[in-house]
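Structure record follows, encoded as structure tokens.
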Amino acid sequence: GTPIVYPVAAPPPVPPRASPSGLLTGHHGVHGAQQPGRGRRFPWPPFAIGGLIVLVLGGIVGGIIGWKVVENHSQQPAENLPGAVGSPLSTSATKIMQNSALAAVGWRFGPDITLQVFFQGADASMRRSQYMSLFQNWTAPMEAGAAPKANSPFGASQLWTKPTEALPEIPQTEVFYIGSPNSILGVNWRDGFSRGGLPDSVNEGGYTLSNTGTQMAAYWPSTLLQASNGDVMEVFYDYKAPKFQEPTAVGITASPGSALVILPREVIHSAGEGTASSSARIIYRSTDGRLENYDRTSGGQKVTSSGQLPVTVDSNFTMAGFAVARLDSGSGGSSAVNTWILYQDSKTGKISYVYEDDATGWKGPETDAVFEGADNPTHLACVTASSAKVPQVPLVASHDLSHCFFQVKRQLKHVHFDGSKWSDMGFLPIP
13 GTPIVYPVAA PPPVPPRASP SGLLTGHHGV HGAQQPGRGR RFPWPPFAIG GLIVLVLGGI
73 VGGIIGWKVV ENHSQQPAEN LPGAVGSPLS TSATKIMQNS ALAAVGWRFG PDITLQVFFQ
133 GADASMRRSQ YMSLFQNWTA PMEAGAAPKA NSPFGASQLW TKPTEALPEI PQTEVFYIGS
193 PNSILGVNWR DGFSRGGLPD SVNEGGYTLS NTGTQMAAYW PSTLLQASNG DVMEVFYDYK
253 APKFQEPTAV GITASPGSAL VILPREVIHS AGEGTASSSA RIIYRSTDGR LENYDRTSGG
313 QKVTSSGQLP VTVDSNFTMA GFAVARLDSG SGGSSAVNTW ILYQDSKTGK ISYVYEDDAT
373 GWKGPETDAV FEGADNPTHL ACVTASSAKV PQVPLVASHD LSHCFFQVKR QLKHVHFDGS
433 KWSDMGFLPI P
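When we follow this note's numbering, the leftmost residue of the sequence shown carries the number 13, and every step to the right adds one.
Here it is as structure tokens:
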């Protein structure tokens, strides 16, 4: 079908549901039948930047004005990052449940960044908080328009879409969860178009998973879950089909209820190129208690960099991770990335991390004072920038998006890694 193109001056009304061939429903009908256009992201010409500003401001005027932006005068952003100390700990957090599932995404427009964090309330409703360096504060929690099962896992990813060559790439957030009874469901947003989430086309697949103990992880176009027999399963968006494919075994078996992480293993991730799978680095707990990484090509083949991480974890651990381009990856044509994996030991509550930042292999474990006081247990979430071949958006060697989140006294703590040290960014304003 023909892409639905909206003027950038204001967000559109919600039209009828898009064709099932589209990635989105009840919203946009661009992905799927049409391959996203190619285009360079940076530097943007002035008219593109102006169009983006109009898009964002138009969204605010036309419907996002309902956002309650909570001002935090203690935040004094440096280098367009959230404040160095953040907000103080609130004595209540009714909008987030204890040990909530957490998921986070983020993107950059030139020097500006946006962060989104997703969590679940005691009423089981999914909520999101958003930070924009343009405004230098976090929003209050917003309803996400999704009804997960209580204690559902979350998986969040972000992609770039280009509705028309006249516009720059637009970020689109995808969040996946388990609905009642055991349905694999999703909700999505396009920046500036909608405050609440809209039903994702994965819902049309009717896919279910009977394993009530599954965890979840996502990096576009892949979402990972675990079957009851321990097999790690993948729900993959196939651009050729174009639709989400039914859950398929990845080829690895994890310990029951293992936390999962999926990250890019190349500077230019294979998303959008129409392959049957995407290149990826998958981290999981093996049946003998070791953390392992399974690296694969865009054709789905295991590569020799797969192996064990230098740590053993208990069965109830939690985990998150992030990746950035390696500094030398641009000059010599290398596609290498640097990877950090955070995990919490459920016996001690201690959050530690291991990392791979050169060709010598994994280092650590290490820890930092910013993780002290974490709830035990707490889920973890970290941000990795989206990367794709179509439209071509590479990872960059920058840590402006290396933000992680976990709970302290139920509130959401925010920390940032700048490539050499961790900083405590305070707490999100969650009433």
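All C-beta atoms, glycine included, are put in the ideal place defined by N, C-alpha and C. Keep in mind it's a predicted model, so treat the numbers as computed, not measured.
Based on Cα-Cα distance, which residue from the options lies nearest to residue i?
i: Thr-372; options: Ala-381, Val-382 and Val-349; result: Val-349
i: Ser-414; options: Pro-406, Ala-400 and Gly-431; result: Gly-431
i: Ala-335; options: Ala-381, Thr-324, Leu-321 and Leu-407; result: Leu-407
i: Val-214; options: Pro-268, Ile-108 and Phe-256; result: Phe-256
i: Asp-243; options: Val-382, Thr-226 and Lys-174; result: Thr-226
i: Leu-179; options: Pro-403, Ser-192 and Asn-305; result: Pro-403
i: Ala-239; options: Tyr-143, Leu-221, Arg-338 and Gly-133; result: Leu-221
i: Gln-148; options: Phe-166, Thr-126, Ala-159 and Met-154; result: Thr-126
i: Lys-107; options: Tyr-249, Gln-132 and Ala-115; result: Gln-132
i: Arg-338; options: Asp-370, Tyr-365 and Pro-259; result: Asp-370
i: Leu-146; options: Ser-267, Leu-237 and Pro-123; result: Pro-123
i: Phe-166; options: Ile-182, Pro-211, Met-144 and Leu-237; result: Leu-237
i: Gly-266; options: Pro-183, Ile-294 and Pro-211; result: Residue identity check: residue 266 is Ala in the sequence provided, not Gly. The residue with the shortest Cα to Cα distance from Ala-266 is Ile-294.
Pull up the distance between the alpha-carbon of residue i and that of residue j, whole angstroms please.
i: Ser-270; j: Ala-162; result: 19 Å
i: Pro-254; j: Lys-421; result: 44 Å
i: Gly-465; j: Lys-425; result: This structure leaves residue 465 out entirely; the chain is present only between 13 and 443.
i: Asp-135; j: Tyr-231; result: 27 Å
i: Met-228; j: Ser-399; result: 20 Å
i: Trp-434; j: Phe-417; result: 12 Å
i: Ala-152; j: Ile-274; result: 29 Å
i: Tyr-189; j: Ser-164; result: 6 Å
i: Trp-374; j: His-411; result: 19 Å
i: Glu-216; j: Asn-241; result: 25 Å
i: Leu-440; j: Ile-264; result: 36 Å
i: Ile-442; j: Trp-150; result: 10 Å
i: Ala-397; j: Thr-299; result: 30 Å
i: Met-245; j: Lys-252; result: 20 Å
i: Arg-120; j: Ser-112; result: 27 Å
i: Gly-191; j: Ala-158; result: 9 Å
i: Leu-321; j: His-428; result: 23 Å
i: Arg-202; j: Asp-250; result: 20 Å
i: Val-382; j: Gln-419; result: 12 Å
i: Pro-160; j: Leu-197; result: 8 Å
i: Gly-438; j: Ala-409; result: 25 Å
i: Val-323; j: Val-315; result: 21 Å
i: Asp-436; j: Ala-115; result: 19 Å
i: Ala-105; j: Met-154; result: 14 Å
i: Gln-142; j: Asn-305; result: 31 Å
i: Pro-259; j: Met-144; result: 34 Å
i: Gln-47; j: Pro-183; result: Confidence at Gln-47 is low in this model, with a pLDDT of 30, below 50, so its placement is unreliable and the value that follows should be read with caution. The straight-line gap from Cα to Cα measures roughly 16 Å.
i: Glu-181; j: Val-366; result: 33 Å
i: Ala-96; j: Val-247; result: At Ala-96 the pLDDT is 38, less than 50, meaning the model places this residue with poor confidence; the figure from the coordinates comes in the next sentence. Distance between the alpha carbons of Ala-96 and Val-247 is about 38 Å.
i: Asp-212; j: Gly-319; result: 35 Å
Can you tell me the Cβ-Cβ gap for residue i and residue j, rounded? I've got them flagged as a contact below 8 Å.
i: Arg-277; j: Ala-292; result: 6 Å
i: Glu-368; j: Thr-379; result: About 17 Å separates the two Cβ atoms, so there is no contact after all.
i: Gly-333; j: Ile-353; result: 4 Å
State buried or exposed for residue i, treating a residue as buried only when at least 16 other CB atoms are found within 10 Å of its CB.
i: Asn-359; result: Going by the sequence as given, residue 359 is Lys instead of Asn. Answer is exposed; the Cβ neighbour count stays below 16.
i: Arg-313; result: Per the sequence shown, residue 313 should be read as Gln rather than Arg. With fewer than 16 Cβ atoms within 10 Å of its Cβ, Gln-313 is classed as exposed.
i: Leu-303; result: buried
i: Pro-377; result: buried
i: Lys-174; result: buried
i: Pro-445; result: Only positions 13 to 443 of the chain appear in this structure, which leaves residue 445 out of reach.
i: Val-405; result: buried
i: Thr-235; result: buried
i: Gly-218; result: exposed
i: Glu-177; result: exposed
i: Gly-71; result: Because Gly-71 sits at a pLDDT of 35, beneath the cut-off of 50, its placement in the model cannot be relied upon, and the following sentence gives the value as read from the coordinates. With 16 or more other Cβ atoms within 10 Å, it is buried.
Please list, in chain order, all residues of the same chain as residue i whose beta carbon is under 8 Å from its beta carbon, the five residues on each side excluded.
i: Thr-224; result: Asn-194
i: Thr-330; result: Ala-271, Tyr-355, Gln-356, Ser-358, Pro-389, Thr-390, His-391 and Leu-392
i: Lys-401; result: Ile-280, His-281, Ser-282, Ala-283, Gly-284 and Glu-285
i: Asn-328; result: Gly-269, Ser-358 and Pro-389
i: Ala-156; result: Phe-130, Ser-137, Met-138, Arg-139, Arg-140, Val-187, Val-199, Gly-208 and Gly-209
Between residue i and the rest of its own chain, which residues show a CB-CB distance below 7 Å, the 5 nearest in sequence each way excluded?
i: Gly-361; result: Ala-386 and Asn-388
i: Val-117; result: Gln-128, Ala-168, Ser-169, Gln-170, Thr-185 and Val-395
i: Val-325; result: Arg-297, Gly-301, Leu-303, Tyr-355 and Asp-357
i: Thr-309; result: Ser-291 and Val-315
Kindly list the residues whose CB is nearer than 6 Å to the CB of residue i, restricted to its own chain and excluding five residues on each side of it in sequence; keep chain order.
i: Ser-317; result: Asp-307
i: Gln-110; result: Arg-422
Any heavy atom of the ligand MN closer than 7 Å to the beta-carbon of residue i?
i: Lys-375; result: Among the components of this structure there are no ligands whatsoever, and the ligand MN is therefore not found.
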